[in-house]
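Asks: Residues 6 to 277 in my numbering are what the sequence shown spells out, letter by letter.
C-beta atoms are modelled at their ideal positions from N, C-alpha and C, and glycine is treated no differently.
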Amino acid sequence: MHYFKLFPILLLLLLPCCVKLKKTNLPKPLYEREYKAGGKTSTEDISRTIMLYAQDLRKKYKHLILEDSQVIFSNRKLNRIQLKFTTQHAIEVREARELLVEVVEDFLYLFNGQYALVAQAGGELNPEKLDIAVNFESYEGVFIDPFYVGFMTLHKGLVSFYAFDYKDVRRDDWHKRVEYYWQSRNIVKFEQEYLDREDKQKEKAYLLDNDRFRISSKRAGQGTTQAAPYNVFQRNEVPEAVVPMGHQVPMLKTEIFDLSSGKRPLKAEIQP
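#1: On the DSSP bridge assignment, give the partners of Q87 in chain order.
#2: State the start and end residues of the unbroken beta strand (DSSP E) segment that holds F112.
#3: Between the Cα of D111 and the Cα atoms of L200, Y171, G127 and T54, which residue gives the shortest distance?
#4: On the three-state DSSP scale, how would you describe F282?
#5: For S52, which of helix, strand or coil comes out of DSSP?
#6: Using a Cβ-Cβ cutoff of less than 8 Å, which residues in the same chain neighbour G162 once the five nearest sequence positions on both sides are dropped?
#7: Would you say F166 touches the ligand SAM, meaning its beta carbon is less than 6 Å from a heavy atom?
#8: For L159, does the three-state DSSP call read helix, strand or coil?
#9: Three-state secondary structure (DSSP) at G251?
#10: Would DSSP call A126 helix, strand or coil?
#11: Considering only the alpha carbon of each residue, which of R99, L200, L115 and N117 lies closest to Y167?
#12: Per the contact definition of three or more C-beta pairs closer than 8 Å, is the segment 83 to 102 in contact with the segment 119 to 138?
#13: K67 by DSSP, collapsed to three states: which one?
#14: Considering only DSSP beta bridges, list what F166 is partnered with.
#15: My guess is that L135 and L104 are in contact by the Cβ rule of under 8 Å, so how many angstroms apart are they, rounded?
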């Protein structure tokens, strides 16, 4: 009788051992960050575009600085671009919204306008593939008005605005930065490329503004002309190179008339 009572218990203990459990793992896409895909996918053109655009933003908005950027690939196709900025501006939601829209639209226009980048990315870039985070670090949001925008994100087409009192060290990822040396080298190289291009533009503008191409005061017989700066407040002598008919300078003849009769003499009455 006791064996019949123990049989259900033994059956329950032995039954799980006879069942074969099969664990299935869903396939996950292979994501590769830029520093991992450096040897497989060329990201130099994308990085250059990001860095040059960041310098334009820094020049336009003064305090909008790119702190970090990541290019994420899936099966060697561009999956996502992440841009992280910091700024000292203290703005409200309306102004933050305008700033975000302008940054996104300008970057999409710049990226999609380069056919090489579009071909490398496997298609045009859209806002759903662009992640942007802006951390506002102004002291006004800490000591004056905590309802200024303290953090703003764009992720998978969803925009989020956070006030300063919502910021937390556990939510922000601005406290650590790890990168390969070739990443550091590319960042410095692309920033220097932008500065060199800006210096060339300034030099060209300086030449156009200050060095007006004027014919030198040297004689034309020397066969050379020289660019000289032009001063509108200084009366310079007209060089012979611009005088018509060589040395035949037209002379102005002064005539003296007797106007005692009250009328001007006719041309036929004037004696040569």
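Replies: Here's the rundown:
#1: Q75 and D136
#2: No beta strand (DSSP E) contains F112, which is instead part of the alpha helix (DSSP H) from V98 to N117.
#3: T54
#4: One cannot answer for residue 282 here, as it falls past the ends of the chain, which runs 6 to 277.
#5: helix
#6: P132 and E133
#7: The ligand SAM is absent from the structure shown, which contains no ligands of any kind.
#8: strand
#9: No answer about G251 holds up, because its pLDDT of 48 lies below 50 and its placement is not dependable.
#10: helix
#11: R99
#12: yes
#13: coil
#14: M157
#15: With a Cβ gap of about 15 Å, L135 and L104 do not count as contacting.
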